[in-house]
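Following full-length UniProt numbering, the numbering of the sequence shown begins with 1 at its first residue and continues without gaps. Single-structure report; data block below.
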Amino acid sequence: MSSSSDATHLKKEAPAPFVWRFNDDPIPEDTVYTGGCHCGAVRFRFKGPLLTRQPGYHIPVKNCNCSICGKNGYLLIFPAREDIEWLNGEDALVDYKFATEKKAHRFCGRCGSSICMDMTGSWIAWAGDVVGMNLRMLDDFDNNDYEYMHLQKKDGKSFVGKSYDPDLCMNRVWTLGNRELVFGLAKRWNNI
Numbered sequence: 001m002s003s004s005s006d007a008t009h010l011k012k013e014a015p016a017p018f019v020w021r022f023n024d025d026p027i028p029e030d031t032v033y034t035g036g037c038h039c040g041a042v043r044f045r046f047k048g049p050l051l052t053r054q055p056g057y058h059i060p061v062k063n064c065n066c067s068i069c070g071k072n073g074y075l076l077i078f079p080a081r082e083d084i085e086w087l088n089g090e091d092a093l094v095d096y097k098f099a100t101e102k103k104a105h106r107f108c109g110r111c112g113s114s115i116c117m118d119m120t121g122s123w124i125a126w127a128g129d130v131v132g133m134n135l136r137m138l139d140d141f142d143n144n145d146y147e148y149m150h151l152q153k154k155d156g157k158s159f160v161g162k163s164y165d166p167d168l169c170m171n172r173v174w175t176l177g178n179r180e181l182v183f184g185l186a187k188r189w190n191n192i
C-alpha cells in the first residue's frame, strides 16, 4: 500500500486498538490516507501510522466473521474520530443498526459501499472515541497488501450468535483484560 507524501504527526498517541507496540521505539511518522465510496459521493481522509509491519509495532486490522462484517467485506482499522475528516458526502451516509444497536454501520446511500462502523456507547468507553474504517474503501488499497498487514481474526459469529437475533445478543458478557463489557441492558467495569 503506498502512502501519501503529505504525512503529518499526531499530537497524541493513537488509541490503544489502533497500534500495538512491542518496545519503546517511537511510532514512525503518521500517514494521511484518503478514500471514498464507489460512486464518489462520499470522500474522507484520516491520519494514522503506516499500515505495514515495521520493527517494534504493527497495526491490527480486524477481520471479523460475524454476519454483518462478512456481508460488508470489512477489514477495519480504528483511527480516532478527531483524526477523520469527511471531505464530502457525510450527509450521503446511511446508518444501519441491528441487535444491540451499539454500532452504526455506515454506507453510501447512492452506491451502497460500506464505509465504516461508528462505535457508540460502551464501545467508546472501552476503546476510546474511534471509528472502524473499512480499509477496502482506501484509494490505494490493494488485496495484495494482506501479507503486510496483521490480520486480527475475530470470531464474532460465535460471540454474537445467530445473525439478526437481538435476544441472543442481550446481556452477553465479554471480558477484555481487566475490563468486562455487558452487551444489552447494562455495562460494568472491573478494576478501573
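Cβ coordinates follow ideal geometry from the N, Cα and C atoms, glycine included.
By the three-class DSSP mapping on this structure, what secondary structure does residue i have?
i	result
Arg81	helix
residue 194	Any answer about residue 194 is impossible in this case: the structure gives the chain only from 1 up to 192.
Pro166	The predicted position of Pro166 is uncertain, since its pLDDT is 48 and thus under 50; no value can be drawn from it.
Gly112	coil
Gly73	coil
Round the Cβ separation of residue i and residue j to the nearest angstrom and send it over; I've been treating them as touching at under 8 Å.
i	j	result
Val61	Leu76	7 Å
Gly35	Met137	4 Å
Met133	Pro79	6 Å
Ala92	Cys108	6 Å
Val131	Ile84	6 Å
His105	Asn72	6 Å
Arg81	Asp129	5 Å
Using the DSSP secondary-structure output, state which residues sit across from residue i in a beta bridge.
i	result
Phe46	Tyr33, Ile84
residue 193	Lying outside 1 to 192, the shown extent of the chain, residue 193 is not represented and no answer is given.
Leu138	Gly35
Gly132	Met117
Beta-carbon of residue i versus every beta-carbon of chain B: anything under 8 Å?
i	result
Gly40	In the structure shown, chain B cannot be found, because there is only a single protein chain.
#### Entry: Segment contact flag, the segment 110-117 with the segment 38-45, C-beta cutoff 8 Å, min 3 pairs
Judged by Cβ distances under 8 Å, the segment 110-117 makes contact with the segment 38-45, as three or more pairs qualify.
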